[in-house]
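*Asks:* In our numbering, the protein residues as written are 890 to 1304. We put the CB at the ideal spot given by N, CA and C, even for glycine. Owing to the predicted nature of the structure, the values given are computational and were not obtained by experimental measurement. Structure incoming, see below.
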Ligand code: GLC
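Okay, here's the thing in structure tokens:
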């Protein structure tokens, strides 16, 4: 006789981006690694894209709920009150369809990724009547109406997960027990150090002698500092013919100012007269080989990086890493021990550290070894998944926030 058991609880995952930036890759890792039978997931995407292709491989369901033309173009830097007003119709339409979708699915929890998903869920939360977990992948906007709205809506969430201490510092009140810092895990088997020549072959990179290589693996967005990187390495490449630079990535996001940024960078390499010394590779779904081709990995973000998954991956791949000192990069790297840190948006400082590593193979080797052993000690995927599963369980157990709990900012001021 079969005994009827309750199906695992359903979680509705609402995402802002349909592509595969760091936040979405973390989500895929989580959905993939979650023990079967623990939860069921239904993902709500703004459109089809690379993320949907990955979800096709997983035991999860998904559907598209479009943001509409104006709302999808609005990024955090582009969200002026005027632009937001123009998107009001899109917002209203989204909220209407969102509440109907949730009423149909009857999930136990809403779990969001990305600013738009956070804000829209926060606004809709009274109608949704469900506990909400925001996974914060980027800094909470500090100023302006967007910052105030975000802080107000934080009070409507059951739990907030921040991907670094730096990101959690923007949450009100900063030390609330409902805010958890959970660093992204790294799949140590997928990011296993491998032979450089095999990696070069798999990417069809070389004909003839292998090159020494300094490079970035990054979304091609203006704030990632790819232009600073090109300026920094220009004289170094021209002085030493053994080295070349490599940039791996695409402009992934729909946000204004991002599309076409690959052309801007190629033009810059041309203007700096190093076009023949910079290899551009498109976005890599499985980027391990791209890291393996690099002797020096650079992360040149001009603003603090919220966490910096690519930094963790490069460290796991035993690379010598130079990152700009801000946000999660500082939490991941102990300068001089398992990587190097340089000031943000400082061409001279970056150039000096790249030159130092170009000249010192032994230092590159030592930093790489220390970096991998740190990730093995601290960044395992199993720990990450278990901690996330606990958060999701706890949030469901508590139910939605109480009415009197709905304004974190007021509570914080009163404290
Ligand atoms: C976002 C952040 C990045 C972080 C990733 C995963 O892409 O910009 O720093 O590593 O999310 O949380």
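For ligand 1, is there a heavy atom less than 6 Å away from the beta-carbon of residue 1002?
*Replies:* Checking the Cβ of residue 1002 against ligand 1 gives no.
*Asks:* For the beta strand (DSSP E) that contains residue 1185, what are its first and last residues?
*Replies:* It spans 1185-1188 - the beta strand (DSSP E) in which residue 1185 sits, taken as one unbroken run.
*Asks:* For residue 1250, which of 915, 1102 and 1122 has the nearest alpha-carbon?
*Replies:* Among 915, 1102 and 1122, the Cα nearest to that of residue 1250 is on 1102.
*Asks:* Just the Cα atoms here: how many angstroms apart are residue 1184 and residue 1067?
*Replies:* Rounded to the nearest angstrom, the two C-alpha atoms are 41 Å apart.
*Asks:* So, do the region 1222-1231 and the region 1020-1037 have three or more beta carbon pairs nearer to each other than 8 Å?
*Replies:* Verdict: no, contact absent.
*Asks:* Around the Cβ of residue 894, are there at least 16 other Cβ atoms within 10 angstroms (buried) or fewer (exposed)?
*Replies:* It counts as exposed.
*Asks:* Between the C-alpha atoms of residue 952 and residue 937, what's the straight-line distance to the nearest angstrom?
*Replies:* Using only the alpha carbons, I get a separation of about 9 Å.
*Asks:* Suppose the cutoff is 6 Å on Cβ atoms and the five residues either side in sequence are ignored; what does the same chain contact list for residue 1194 look like?
*Replies:* Answer for residue 1194: 1216, 1217 and 1218, listed in chain order.
*Asks:* Cβ of residue 950 less than 7 Å from any chain B Cβ?
*Replies:* You won't find chain B in this structure, because it holds only one protein chain.
*Asks:* If you measure between the beta carbons of residue 1261 and residue 1221, is that distance less than 7 Å?
*Replies:* For residue 1261 and residue 1221, no; Cβs fall outside 7 Å.
*Asks:* Per DSSP, what kind of secondary structure is residue 1010 in: helix, strand or coil?
*Replies:* If DSSP states are grouped into helix, strand and coil, residue 1010 belongs with the helices.
*Asks:* May I ask which residues mark the beginning and end of the alpha helix (DSSP H) holding residue 1200?
*Replies:* Start and end: 1198-1205.
*Asks:* Within 10 angstroms of its Cβ, does residue 1116 collect 16 or more other Cβ (buried), or is it exposed?
*Replies:* Per the 10 Å Cβ criterion, buried.
*Asks:* Quick one: what does DSSP say residue 1298 is sitting in, helix, strand or coil?
*Replies:* Low confidence applies to residue 1298: its pLDDT is 35, below 50, so where it sits in the model is not reliable enough to give any reading.
*Asks:* Check whether the Cβ of residue 912 sits closer than 6 Å to any heavy atom of ligand 1, and report yes or no.
*Replies:* Yes.
*Asks:* Cα-Cα, which of 1003, 1016, 1009 and 1006 is closest to residue 995?
*Replies:* When only C-alpha atoms are compared, the closest one is 1016.
*Asks:* Going by DSSP in three states, residue 1060 sits in which element: helix, strand or coil?
*Replies:* If DSSP states are grouped into helix, strand and coil, residue 1060 belongs with coil.
*Asks:* Is it the case that the Cβ atoms of residue 1025 and residue 1055 are separated by a distance below 7 Å?
*Replies:* No, the pair does not count as a contact, with Cβ atoms beyond the cut-off.
*Asks:* Is the Cβ-Cβ distance between residue 1104 and residue 1269 less than 7 Å?
*Replies:* Against a cut-off of 7 Å, the Cβ pair of residue 1269 and residue 1104 comes out as no contact.
*Asks:* Pairs of beta-carbons, one from the region 1153-1163 and one from the region 1116-1125, closer than 8 Å: are there three or more?
*Replies:* They touch, by the three-pair rule.
*Asks:* So what's residue 1092 in DSSP terms, helix, strand or just coil?
*Replies:* Correct three-state label for residue 1092: coil.
*Asks:* Write down the C-beta distance between residue 1256 and residue 1209 rounded to the nearest angstrom, noting that I regard them as a contact closer than 8 Å.
*Replies:* That pair is a contact at about 4 Å.
*Asks:* In this structure, how does DSSP classify residue 1222 when only helix, strand and coil are distinguished?
*Replies:* Coil, per DSSP.
*Asks:* Counting pairs of beta carbons, one from the region 1174-1190 and one from the region 1038-1048, are three or more of them closer than 8 Å?
*Replies:* Judged by Cβ distances under 8 Å, the region 1174-1190 makes no contact with the region 1038-1048, as fewer than three pairs qualify.
*Asks:* Under 6 Å from any heavy atom of ligand 1, does the C-beta of residue 1114 make it?
*Replies:* Because no heavy atom of ligand 1 lies under 6 Å away, the Cβ of residue 1114 does not count as near it: no.
*Asks:* Roughly how many angstroms separate the alpha carbons of residue 1003 and residue 1072, rounded to a whole number?
*Replies:* C-alpha separation (whole angstroms): 16 Å.
*Asks:* Within the region 1102-1153, note down every full beta strand (DSSP E) run reaching 3 residues or more, in order along the chain.
*Replies:* If we require 3 residues or more, the beta strand (DSSP E) runs fully inside the region 1102-1153 come out as 1132-1137.
*Asks:* In its own chain, which residues sit with a C-beta less than 6 Å from the C-beta of residue 1001, not counting the 5 before and 5 after it?
*Replies:* Within the same chain, residue 1001 has close Cβ partners 903, 1007, 1010 and 1023.
*Asks:* Using the Cβ count rule (16 or more neighbours within 10 Å means buried), how would you classify residue 1254?
*Replies:* The residue in question, residue 1254, is exposed, as its Cβ has fewer than 16 Cβ neighbours within 10 Å.
*Asks:* What residues are listed by DSSP as bridge partners for residue 930?
*Replies:* Partner(s): 900.
*Asks:* Determine the direct distance from the alpha carbon of residue 1138 to that of residue 1205, and round the result to whole angstroms.
*Replies:* Rounded to whole angstroms, residue 1205 to residue 1138 spans 19 Å at the Cα level.
*Asks:* Give a yes or no on whether the C-beta atoms belonging to residue 1169 and residue 1211 are separated by under 7 Å.
*Replies:* Contact flag unset, no.
*Asks:* So what does DSSP say about residue 1086, is it helix, strand or coil?
*Replies:* It is helical.
*Asks:* Just to confirm, does residue 1059 get its C-beta within under 6 Å of one of the non-hydrogen atoms of ligand 1?
*Replies:* Residue 1059 Cβ: outside cutoff for every heavy atom of ligand 1.
*Asks:* From residue 1187 to residue 1236, what distance separates their C-alpha atoms?
*Replies:* So the alpha carbons of these two residues sit roughly 12 Å apart.
*Asks:* Give every residue of the same chain whose Cβ lies closer than 8 Å to the Cβ of residue 1276, excluding the five residues on either side of it in the sequence, and list them in chain order.
*Replies:* 1069 and 1071.
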